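Residue numbers (full-length UniProt numbering): 1 to 309.
Encoded structure:
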């Protein structure tokens, strides 16, 4: 069974629901190794110095940003860590928007939010509220060293956490030469439009994901099996049977009181005050929202980070 990416809380208003972020996609790609055709031995990739050609050990490798061609600024691990926002183990819902208001170009990667022990009530409360209102939650979440914009979406019995792309990551379609204007400008007749609509109508069907398969992968897999049999080689696949860590238990929460307070204050779960916030409070100014308090993980739990996006 898959391991959680991390375990923390899903916060909205003053409510915190302990959850685990679990993978929602399965890697089905066929992985190939590069071999030396003369001896059929694997080829190893090495980290080498571009000038000397010598191999560089991991302990001597640092991250750097190339601000202009050939010029770099080196970043230490503490530099990257200092840029990470607070609330690392919290999915902080900042607003609720209409589900249809987000274009498909913003959706990037899906996860499943799994409630912790005794956290089912808050989980179901949010899931059913989103379903009835047709809303989705817009949240921020930190995975490894990067902060992601995300959407909390009800899906059957689950709450999905779908990472979103920032607007800065999208290419403006106006950068491309696209056909604009009315259909008459492209000599499209009303009859052609009518026939095209009839074709779409005749091909219309319900979306059934199970009807679709990666045909190329299936054919390639058969080729591999045939090749293995011809060589008399059979290598069984070994599956990971490691157990998923048990979620931490939670206390009973008065949801009605928290909902009433959230509606009255329109604030999110208060977090620990930093020196900057304390100074701001002393001057009499207040921020619109405060990040939710991150959940403390059990000492024995290990967090498995996902592959960088």
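Beta carbons: idealized from backbone N, C-alpha and C, even for Gly. Keep in mind that this is a model prediction, so the values were computed, not measured.
What does residue i pair with, by DSSP beta-bridge criteria?
i: residue 95; result: 138
i: residue 143; result: 146
i: residue 36; result: 41
i: residue 154; result: 159
i: residue 215; result: The partner list for residue 215 (beta bridge, DSSP) is empty, contrary to what the question assumes.
i: residue 23; result: 111
i: residue 166; result: According to DSSP, residue 166 bridges with nothing at all.
i: residue 173; result: In DSSP, residue 173 forms no bridge with anything.
For residue i, count neighbouring Cβ atoms within 10 angstroms of its own Cβ and tell me buried if that reaches 16, exposed if not.
i: residue 39; result: exposed
i: residue 67; result: exposed
i: residue 95; result: exposed
i: residue 213; result: exposed
i: residue 41; result: exposed
i: residue 209; result: exposed
i: residue 150; result: buried
i: residue 219; result: exposed
i: residue 50; result: exposed
i: residue 5; result: buried
i: residue 130; result: buried
Alpha carbon to alpha carbon, how far is residue j from residue i? Give it in angstroms, no decimals.
i: residue 24; j: residue 173; result: 30 Å
i: residue 116; j: residue 134; result: 25 Å
i: residue 160; j: residue 203; result: 30 Å
i: residue 37; j: residue 31; result: 18 Å
i: residue 61; j: residue 83; result: 20 Å
i: residue 270; j: residue 33; result: At residue 270, the pLDDT of 48 sits below 50, so the modelled position is not reliable; the number obtained from the coordinates is stated separately. Those two C-alpha atoms are separated by around 51 Å.
i: residue 186; j: residue 78; result: 58 Å
i: residue 114; j: residue 230; result: 45 Å
i: residue 124; j: residue 223; result: 46 Å
i: residue 284; j: residue 147; result: For residue 284, the predicted model reports a pLDDT of 47, less than 50, meaning its position is unreliable and no value from the coordinates is stated.
i: residue 166; j: residue 80; result: 20 Å
i: residue 64; j: residue 176; result: 32 Å
i: residue 54; j: residue 72; result: 21 Å
i: residue 312; j: residue 201; result: Any property of residue 312 remains undetermined from this structure, which presents the chain solely from 1 to 309.
Just verifying my parser: in three-state terms, what is the DSSP assignment at residue i?
i: residue 12; result: strand
i: residue 265; result: helix
i: residue 58; result: helix
i: residue 121; result: helix
i: residue 160; result: strand
i: residue 80; result: helix
i: residue 133; result: helix
i: residue 113; result: strand
i: residue 224; result: helix
i: residue 46; result: coil
i: residue 18; result: strand
i: residue 183; result: helix
i: residue 64; result: strand
i: residue 90; result: strand
i: residue 178; result: coil
Measure the beta-carbon distance from residue i to residue j and round it to whole angstroms, keeping in mind my assumption that it falls under 8 Å.
i: residue 328; j: residue 15; result: Residue 328 lies beyond the residue range present for the chain, which begins at 1 and ends at 309; the question has no answer from this structure.
i: residue 126; j: residue 17; result: 7 Å
i: residue 97; j: residue 138; result: 6 Å
i: residue 89; j: residue 13; result: With a Cβ gap of about 18 Å, residue 89 and residue 13 do not count as contacting.
i: residue 195; j: residue 183; result: Contact doesn't hold; Cβ gap of about 13 Å is too wide.
i: residue 92; j: residue 140; result: 5 Å
i: residue 22; j: residue 112; result: 5 Å
Got a sec: does the ligand SAM put a non-hydrogen atom nearer than 8 Å to the Cβ of residue i?
i: residue 67; result: In the structure shown, the ligand SAM is absent, as is every other ligand, since no ligand is present at all.
Got a sec: is the Cβ-Cβ distance from residue i to anything in chain B below 9 Å?
i: residue 73; result: The displayed structure is made up of one protein chain only, and chain B is not part of it.
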